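A.B. asks: Mind having a look at this structure? Questions to follow.
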Amino acid sequence: MTEERKLTNAQFIELQDFIYKKSGMFFPLSRKNYIEQKVLKRIETLDYKNFSDYLTILKKELLQAEILNLFNEITVNETFFFRDQPQLEALETHIIPRLAANGRKSIAILSAGCSSGEEPYTLAMILREKFPHLPFTICGIDISDQVIAKAGRAEYTRSAVRRVPPAYLTKYFIEMENGNLKFRDEYKSGVSFKKMNLMELGASPGLKFTRFDVVFCRYVLIYFDRDSKQRVIDAFHEKIADNGYLILGNSESLSSALGNFKILHFPSAIIYHRSSAMEVLT
Ligand SMILES: C[S@@+](CC[C@H](N)C(=O)[O-])C[C@H]1O[C@@H](n2cnc3c(N)ncnc32)[C@H](O)[C@@H]1O
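Its first residue numbered 32, the sequence shown is counted upward by one per residue in this note's numbering.
Set out below in structure tokens:
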């Protein structure tokens, strides 16, 4: 690789700033090699000669599709079914029963940063099995159109389903010829997916009048800096109905940004509650 194809610190800062403004994700200098490798892939695909040409196209937004291609490349999409069991137990034993006790006749869930669909389908299985008479909608959103397309195909490796209880695996999945498992179409009702940038959640016309009872946003904001985290948390506060809940990744501490939410402690899980004086306490 020639020097021209190495990312300089100044170029890295330009990219860092562009990615941050567009997505809220903040990549510190310590992740320069990661970004360099990912952008290099894009440069090779597009047959560009160096980083400067690529940066010019990107920053002038001459190729709109390239912004999406870059996000597809740099986002970390790691996920699997039944991730963070203690939070799912809190959903089953506390959150849904409490929402039902407060008069909810149906439950609306947002899976923000849903990646390839493992989280929304996990929630769909739990709701169907544990609350068979409670209708639900689960909306999965992600900035990457590649993972959203994958979520729609709903085809998974054995590794992705490794934590699915055996009885659920038999009921909800069908084995494919290549050994992968497909989430059965008949159980997809109520679950939808949409490519959407969390930084635009507040302004999104598609979700303008929607209020969610529960928002899951796990292992997404770890890539955001303080200001963009705050902006997303504030948008969640707007989008979560009174007495609704916010669930972040288990190790994510956002205490300073969560002033408007009340913290609830569960065994091995922390959940955030959007309180209202009208709530029925059980
Ligand atoms: C590590 S995955 C987490 C998946 C799932 N929530 C879980 O806990 O298993 C993070 C996802 O967040 C998405 N993401 C990152 N920035 C985003 C943004 N600004 N808007 C929407 N999704 C975003 C990524 O594309 C990625 O699929």
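Beta carbons: idealized from backbone N, C-alpha and C, even for Gly. Bear in mind that the values here come from a model prediction, so they are computed numbers and not experimental data.
#1: Name the DSSP beta bridge partners of A139, please?
#2: Near S259, which residues of its chain fall below 6 Å by C-beta distance, leaving aside the five closest residues on each side in sequence?
#3: If you measure from the CB of A143, is any heavy atom of ligand 1 nearer than 8 Å?
#4: Over the uninterrupted beta strand (DSSP E) stretch that includes A300, give me the two end residues.
#5: Does the beta-carbon of L229, which I'm using as the reference point, lie nearer than 8 Å to any heavy atom of ligand 1?
#6: Comparing the CB of R55 with every heavy atom of ligand 1, is any distance shorter than 8 Å?
#7: Return the chain-ordered ranges of every alpha helix (DSSP H) run that is complete within the region 254-302 and spans a minimum of 4 residues.
#8: Short check: CB of S142 to CB of F247, under 9 Å?
#9: Does the distance from the CB of L252 to the CB of I264 come in under 9 Å?
#10: List the endpoints of the continuous beta strand (DSSP E) containing L212.
#11: In this structure, how does DSSP classify L69 when only helix, strand and coil are distinguished?
#12: Could you pull out every residue in the same chain whose Cβ sits closer than 6 Å to the Cβ of H296, ignoring the five residues on either side in sequence?
#13: Check Y51 in the structure and name its three-state DSSP category.
#14: So V178 is in the alpha helix (DSSP H); what residue range does that whole segment cover?
#15: Spell out a yes or no on whether the region 284-303 and the region 165-177 are touching, meaning 3 or more CB-CB pairs, one atom from each, closer than 8 Å.
#16: Rounded to the nearest angstrom, what separates L101 and R73 at their Cα positions?
#17: Which same chain residues, not among the five before or five after T110, have their C-beta less than 7 Å away from its C-beta?
#18: In whole angstroms, give me the CA-to-CA distance for N64 and L38.
#19: CA-CA distance, I98 and E92?
#20: For T110, verify whether its CB is less than 8 Å away from any heavy atom of ligand 1.
#21: Return the CA-CA distance between K80 and L89, expressed in angstroms with no decimal places.
#22: Would you kindly work out how many angstroms separate the C-alpha atoms of E67 and Q42, rounded to a whole number?
#23: For G280, verify whether its CB is less than 8 Å away from any heavy atom of ligand 1.
#24: What are the uninterrupted segments assigned as alpha helix (DSSP H) that are 4 or more residues long and contained completely in the region 61-118, given in chain order?
#25: According to the Cβ coordinates, are F214 and F224 closer than 9 Å?
#26: Who pairs with I205 in a beta bridge, going by DSSP?
C.D. replies: For this structure:
#1: Against the sequence shown, residue 139 aligns to sequence position 108. Its beta-bridge partners are T168.
#2: Within the sequence shown, numbered from 1, the residue matching residue 259 stands at position 228. Cβ neighbours of S259 beyond the five flanking positions: G55.
#3: Taking the sequence shown and counting its residues from 1, the one referred to as residue 143 is at position 112. Checking the Cβ of A143 against ligand 1 gives yes.
#4: As a position in the sequence shown, residue 300 is number 269, starting the count at 1. Run containing A300: A300 to H304, per the beta strand (DSSP E) assignment.
#5: Against the sequence shown, residue 229 aligns to sequence position 198. True, at least one ligand heavy atom lies under 8 Å from that Cβ.
#6: For the purposes of this step, residue 55 is identified with residue 24 of the sequence shown, where counting begins at 1. With the sequence shown as reference, residue 55 is identified as Gly, and Arg is not the correct amino acid for it. Yes, the beta carbon of G55 sits closer than 8 Å to at least one heavy atom of ligand 1.
#7: 257-270
#8: The residue you call residue 142 lines up with position 111 of the sequence shown. The residue you call residue 247 lines up with position 216 of the sequence shown. Against a cut-off of 9 Å, the Cβ pair of F247 and S142 comes out as a contact.
#9: Counted from its first residue, the sequence shown places residue 252 at position 221. Counted from its first residue, the sequence shown places residue 264 at position 233. Contact: yes.
#10: For the purposes of this step, residue 212 is identified with residue 181 of the sequence shown, where counting begins at 1. Looking at the DSSP string, the run of the beta strand (DSSP E) that includes L212 is L212 to F214.
#11: By 1-based counting over the sequence shown, the position of residue 69 is 38. Correcting the residue identity first, residue 69 is Lys in this sequence and not Leu. It is helical.
#12: Counting from one through the sequence shown, the residue named residue 296 turns up at place 265. Contacts found: none.
#13: Taking the first residue of the sequence shown as 1, we reach residue 51 at position 20. Three-state DSSP puts Y51 in a helix.
#14: Residue 178 sits at position 147 when you count from the first residue of the sequence shown. V178 -> alpha helix (DSSP H) spans D176 to R184.
#15: The region 165-177 and the region 284-303 do not touch, with fewer than three beta-carbon pairs separated by less than 8 Å.
#16: Working through the sequence shown from its first residue, we reach residue 101 at position 70. Working through the sequence shown from its first residue, we reach residue 73 at position 42. Computed Cα separation, rounded: 7 Å.
#17: In the sequence shown, the residue the question calls residue 110 occupies position 79. Short of 7 Å from the beta carbon of T110, and not among the five residues preceding or following it, lie these beta carbons of its own chain, in chain order: S146, S147, E149 and E150.
#18: On the sequence shown, residue 64 is found 33 positions in, with the first residue counted as 1. On the sequence shown, residue 38 is found 7 positions in, with the first residue counted as 1. If I take the Cα positions, the gap works out to 9 Å.
#19: On the sequence shown, position 67 is the one that residue 98 refers to. On the sequence shown, position 61 is the one that residue 92 refers to. Distance between the alpha carbons of I98 and E92: 8 Å.
#20: The residue you call residue 110 lines up with position 79 of the sequence shown. Within the cutoff, so yes.
#21: If you number the sequence shown from 1, residue 80 lands on position 49. If you number the sequence shown from 1, residue 89 lands on position 58. Roughly 14 Å separates the two Cα atoms.
#22: Within the sequence shown, residue 67 is the residue found at index 36, counting from 1. Within the sequence shown, residue 42 is the residue found at index 11, counting from 1. Roughly 10 Å between the two C-alpha positions.
#23: On the sequence shown, position 249 is the one that residue 280 refers to. Flag set: Cβ of G280 near ligand 1.
#24: 63-77, 82-90 and 95-105
#25: In the sequence shown, counting from the first residue as 1, residue 214 sits at position 183. In the sequence shown, counting from the first residue as 1, residue 224 sits at position 193. Contact: no.
#26: Counted from its first residue, the sequence shown places residue 205 at position 174. Bridge partners of I205: K213.
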